[in-house]
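These protein sequences, in sequence, are chains A and E.
Sequence positions in the first sequence follow this note's numbering and run 2 to 498.
Sequence positions in the second sequence follow this note's numbering and run 22 to 184.
Heads up, the beta-carbon is just placed ideally off N, CA and C, and yes, glycines get one too.
Just so it is clear, the structure is predicted and the values come from calculations on it, not from any experiment.
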Amino acid sequence: MQALEYFLMSWADPYLLFLTAAGTFAGIYIGAIPGLSVTMAVSILISFTFKWEVNAALALISGIFLGGVYGGSRSAILLNIPGAPAAIATGLDGYPLAKRGEAGMAIGLTTVVSVIGGFVGIIALAVAAPAVSEFALKFAPRDYLMLAVWGILLVGSLSGGSLAKGIFCGALGVLIGTVGLDPMTAEPRLTFGSLQLSAGISYVAAMIGFFGVAEVLVQLRELRQKAVRQDVSKILPSWGLVRKYLPLSLRTSSIGVVIGALPGAGGDIAALMAYDLAKRSVKNPSRPFGQGAYEGLVAPESANNAAVGGAYIPMMTLGIPGDAVTAVIIGALYIHGLKPGPMLMVETPHLFWFIVGSLTLANLFLLVFGLSGIRLFTKMVETPKAILLPLILVLCAVGAYAINNNPVDVYMMLGFGVFGYFLKIYGYQVAPVILGMILGPLMDKSFRQAMISAGDSPAQFASEFFTSPLSAVILAALAFTVVSQTTAWKRWRSRQA
Amino acid sequence: MSNQDARKPGEVTFTVLMLVGSAFLLWQSFGISGFQSWSSAGMFPMLAAATLLVTGLLTVRHLLRRPAAPDSGARAFFAQIAPLQLLGGVGAVAAYMLMLQPLGFLPSSLLFLFLSMRLFGSERWGLNLSVSVASLAAIHLVFSTVFSVVLPKGSWLVALLPI
Numbered sequence: 002m003q004a005l006e007y008f009l010m011s012w013a014d015p016y017l018l019f020l021t022a023a024g025t026f027a028g029i030y031i032g033a034i035p036g037l038s039v040t041m042a043v044s045i046l047i048s049f050t051f052k053w054e055v056n057a058a059l060a061l062i063s064g065i066f067l068g069g070v071y072g073g074s075r076s077a078i079l080l081n082i083p084g085a086p087a088a089i090a091t092g093l094d095g096y097p098l099a100k101r102g103e104a105g106m107a108i109g110l111t112t113v114v115s116v117i118g119g120f121v122g123i124i125a126l127a128v129a130a131p132a133v134s135e136f137a138l139k140f141a142p143r144d145y146l147m148l149a150v151w152g153i154l155l156v157g158s159l160s161g162g163s164l165a166k167g168i169f170c171g172a173l174g175v176l177i178g179t180v181g182l183d184p185m186t187a188e189p190r191l192t193f194g195s196l197q198l199s200a201g202i203s204y205v206a207a208m209i210g211f212f213g214v215a216e217v218l219v220q221l222r223e224l225r226q227k228a229v230r231q232d233v234s235k236i237l238p239s240w241g242l243v244r245k246y247l248p249l250s251l252r253t254s255s256i257g258v259v260i261g262a263l264p265g266a267g268g269d270i271a272a273l274m275a276y277d278l279a280k281r282s283v284k285n286p287s288r289p290f291g292q293g294a295y296e297g298l299v300a301p302e303s304a305n306n307a308a309v310g311g312a313y314i315p316m317m318t319l320g321i322p323g324d325a326v327t328a329v330i331i332g333a334l335y336i337h338g339l340k341p342g343p344m345l346m347v348e349t350p351h352l353f354w355f356i357v358g359s360l361t362l363a364n365l366f367l368l369v370f371g372l373s374g375i376r377l378f379t380k381m382v383e384t385p386k387a388i389l390l391p392l393i394l395v396l397c398a399v400g401a402y403a404i405n406n407n408p409v410d411v412y413m414m415l416g417f418g419v420f421g422y423f424l425k426i427y428g429y430q431v432a433p434v435i436l437g438m439i440l441g442p443l444m445d446k447s448f449r450q451a452m453i454s455a456g457d458s459p460a461q462f463a464s465e466f467f468t469s470p471l472s473a474v475i476l477a478a479l480a481f482t483v484v485s486q487t488t489a490w491k492r493w494r495s496r497q498a
Numbered sequence: 022m023s024n025q026d027a028r029k030p031g032e033v034t035f036t037v038l039m040l041v042g043s044a045f046l047l048w049q050s051f052g053i054s055g056f057q058s059w060s061s062a063g064m065f066p067m068l069a070a071a072t073l074l075v076t077g078l079l080t081v082r083h084l085l086r087r088p089a090a091p092d093s094g095a096r097a098f099f100a101q102i103a104p105l106q107l108l109g110g111v112g113a114v115a116a117y118m119l120m121l122q123p124l125g126f127l128p129s130s131l132l133f134l135f136l137s138m139r140l141f142g143s144e145r146w147g148l149n150l151s152v153s154v155a156s157l158a159a160i161h162l163v164f165s166t167v168f169s170v171v172l173p174k175g176s177w178l179v180a181l182l183p184i
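Dropping the structure here:
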C-alpha cells in the first residue's frame, strides 16, 4: 500500500507532474536534434538540480531519459540522422518510409511501439529490481570491485570500440576519480600540490565537457552538412496497424529489457539486436527490410525504450550503470546524498517506487507529446547549427559554473571538452571515462576493504575468488568479456560460423 | 587494406602523448605511498596507471601496424582533424569562459552568442542578435529563478557600478 502511495507521488503533486511532463517534452526535442544527445541533456541538467529536492530532480531526469531515447527516432526518420545512438537502426527503414511520403505514419507507429516498449521495461523494473536487490545484499567488497570493472569493460567494448582503448578510457576515468585527498588516510593523491585538486575533480564538469562541449566540437567540424526537409501529414496510426505489430513489439521489448539490464549495454545495442531478430524472424515483412518495412521500425523502437526500464535495474540494485545515461543518473543520486546499490532499496524503498511511478507517468506523456506538436518539431529540428551550437555552449558554461559557483570548473569543463574531442575523433569511447570517474572511489574502497579482509595478502585475495561461488561467477563473466573481445576469439568464432 | 583502416593525421602523436602521460601518472602514483602495503593509499591509483600504460602500449602497437594515411602531415591534420572553424570555435569559447567572471554572465554571453553565430556561418545579423537576446533572457530567467543558479555579475561591472 505504501509502495502505491510512493508510486503515485509524482502523479498527485502538481509540481512533480509538471516537471515530469516538462522533462519528457524537453527529452523528445533534445533527443531529436542531431548533435544533442540525451546524455548531454542529463549531464547539463544535473548541475542545475543540485539545490533541488531529490524527487523533483528524479522526476525531471526520468522524463528526459524516456523522451530522449524516443526523440532520437524522429530525426532518424525525417533526416536520416539518428538523434541518439539508440535510433541508428530506426533510420534504416524509417528514412525510406519518409521518402515514400509516409513520415507521419512512421512517427505515429514509432510513438505507439515506444510507449509499449517503455511499459514492458517499467514492469520488468518493478518486478525484477526488488529480487535482484535482495540477492545483491550477499555481495562482498571484492564482488563490487569486479562488478564495477565488468561494467566499465562492457561499456568500453560493447559500444563498438577496441577493447584496449575501452580499458584505457576506463582506467583513465578511475585514475581521475582518485584525485584528491584519500578518504581513509587523508594523504594527497595526484594533486600536484594544488589546493583546487585536493577537493577532487568534479565529474559533473567532466561529464558536461565530454558529452556537451566535445560533441559541439565534433559538430563544428561537420558544419557544412545540410538537413533534408520532409513533409509530415497524418500521424495517428490505425488501431489495425498497432494490433498487427503488437506481438513483434512485445517480443522485441523483452530483448530490450534483457540487453538494457546488462551492465554497459544500452538502448543502442538493444535496438540493433532487435532489428536483427526481426529481420531474421519475420518471414513476410510489409516491404523488404531497408526499404521501408514497418517491422524495421517496430523492433528497434520497442527495444530501445524497453531498455530504459532494464537499464535502471543494475543501477538501482547494484549501483552499476546500465549505460552512459544511467552512469550520469548515478552521479545525480550521489550528488543528492544517495548511494545506489542494494542498500538503497532497503533504506529508501520510497525512492524506488517513486522512480517507477515517474517513469510510468513519463511514458504516458510520451504518448501525448509524441502524437502532437509535429509542426513545432519540424521547425526545431531544422534550426541551423550555427545558431544552435553557441546556445549549447552557453548552457554548458552555466551548467559547469553552477556546480560550485567557481570559474575553475568552467575551465576544467573546456579542457575535458577539447580532450574528449580528440578521444572521439581517434576512436576512443568517452563513456568509460565517466563511468570510471564515478565508480573509481567505490572500486578503490572495495579493493582496499577486500585486501584488508584478506590480511593484505594478494594470494589470499585471489584465492577468495575461487572459494566463493558468487565471486567465481562474476570473475568468469569478466574473463569471458575480455576473451570474447580478443582477435583470437573473433577468428575462432568466424571459423565456427 | 581499406582506407578506413588508415591512421588519421595526428593519431600517432596523440597516442604517444597519452602513453607518456600514463608513464608520468604511474610515477606520480608510485610517489603517493610506494609499495608500503596492498591496501595503502597509492596502490589502487598505481594499478589504474599501470593498466593505462599497458593498454596504451597495446594501442600504439596496434596503431603502428595500420598503414599511414596518404596525406598525414601537419597540413592534413589542420584540414581534417582541427580545421579553422573548429580552432576558431575553441578560441571563442575559451575567450568567453575567461571573460565570464570579469565581464559578467549577460554581457559576455551576449557577445559570445552574437559573434560565434556569425563565426559558425549564420550571416543574418538581425536574426543572430534577436536570437541571442531572446535566448539569453530565457536562460537568465529560467536558471536564476527556477534553478536558483547564481550567475556571475562581473567583477569589472561591480567595480564600476557598485550594486
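Here residue 482 of chain A is buried. Its C-beta has 16 or more other C-beta atoms within 10 Å. Among the residues facing chain A, residue 104 of chain E is included, as its CB has a counterpart in that chain under 9 angstroms away. For residue 224 of chain A, the secondary structure class from DSSP, reduced to helix, strand or coil, is coil. When the Cα atoms are used, residue 485 of chain A and residue 194 of chain A turn out to be separated by approximately 42 angstroms.
Identification of chain E residues near residue 20 of chain A by a Cβ-Cβ cut-off of 9 angstroms yields none; the smallest Cβ-Cβ distance measures about 10 angstroms. At a beta-carbon threshold of 7 angstroms, the residues of chain A lying near residue 152 of chain E are 388, ordered along the chain. Here residue 117 of chain A is not near residue 75 of chain A, since their CB atoms are 9 angstroms or more apart. Within the segment 389-409 of chain A, the residues whose Cβ lies closer than 8 angstroms to some Cβ of chain E are 390, 391, 392, 394, 395, 396, 398, 399, 402, 403, 406, 408, listed in chain order.
Annotation for residue 67 of chain A: 25, 28, 119, 306, 309, 360, 363, 364, 367 place their beta carbon closer than 8 angstroms to its own, counting only its chain and skipping 5 residues before and after.
Annotated three-state conformation of residue 374 of chain A is coil, per DSSP. Considering only beta carbons, the part of the segment 447-478 of chain A lying closer than 7 angstroms to chain E consists of 448, 449, 452, 453, 457, 459, in chain order.
Note that the C-beta distance between residue 32 of chain A and residue 7 of chain A is not below 9 angstroms.
Within the segment 30-88 of chain E, the runs of alpha helix (DSSP H) that reach at least 4 residues and sit entirely inside it are, in chain order, 32-54, 64-86. Three or more beta-carbon pairs separated by less than 8 angstroms are not found between the segment 323-331 of chain A and the segment 88-108 of chain A, which leaves the two stretches without contact.
Among the CB atoms of chain E, one or more fall inside 9 angstroms of the CB of residue 415 of chain A. Bridge partners of residue 181 of chain A according to DSSP: A:190. Residues of chain A with a Cβ closer than 8 angstroms to the Cβ of residue 35 of chain E are, in chain order, 423, 427. Note on residue 171 of chain E: under 16 other CB atoms within 10 angstroms of its CB, so exposed under the neighbour-count rule. Interface annotation, residue 143 of chain E: in contact with chain A, CB-CB separation under 9 angstroms. Going by beta carbons, residue 175 of chain A and residue 438 of chain A fall inside the 9 angstroms limit. Annotated three-state conformation of residue 288 of chain A is coil, per DSSP. Taking 8 angstroms as the upper bound for CB-CB distance, residue 399 of chain A and residue 160 of chain E are in contact here, some 7 angstroms apart.
By the Cβ test, the segment 278-287 of chain A is in contact with the segment 244-260 of chain A, since at least three Cβ pairs between them sit closer than 8 angstroms. Taking 9 angstroms as the upper bound on Cβ-Cβ separation, chain A lies near residues 101, 102, 103, 104, 106, 107, 109, 110, 111, 113, 114, 115, 117, 118, 119, 121, 122, 126 of the segment 93-127 of chain E. Check the Cα spacing between residue 151 of chain E and each of E:32, E:132, E:163, E:141: the tightest is with E:132.
Nearest CB-CB separation between residue 185 of chain A and chain E: below the 9 angstroms threshold. Residues of chain E with a Cβ closer than 7 angstroms to the Cβ of residue 52 of chain A are, in chain order, 169.
For residue 214 of chain A, a Cβ of chain E is located within less than 9 angstroms of the residue's own Cβ.
At a cut-off of 9 angstroms between C-beta atoms, residue 56 of chain E does not count as an interface residue with respect to chain A.
With its beta carbon less than 9 angstroms from one in chain A, residue 173 of chain E belongs to the interface. Using a Cβ-Cβ cut-off of 9 angstroms, residue 139 of chain A does not count as an interface residue toward chain E, since no Cβ of chain E sits closer than that to its own.
Here the C-alpha atom of residue 51 of chain A lies approximately 47 angstroms from the C-alpha atom of residue 89 of chain E. Neighbours of residue 133 of chain E in chain A, taken as residues at a C-beta separation under 8 angstroms, are given in chain order as 391, 394, 395.
As computed with DSSP, residue 28 of chain E is found in a beta bridge with E:89.
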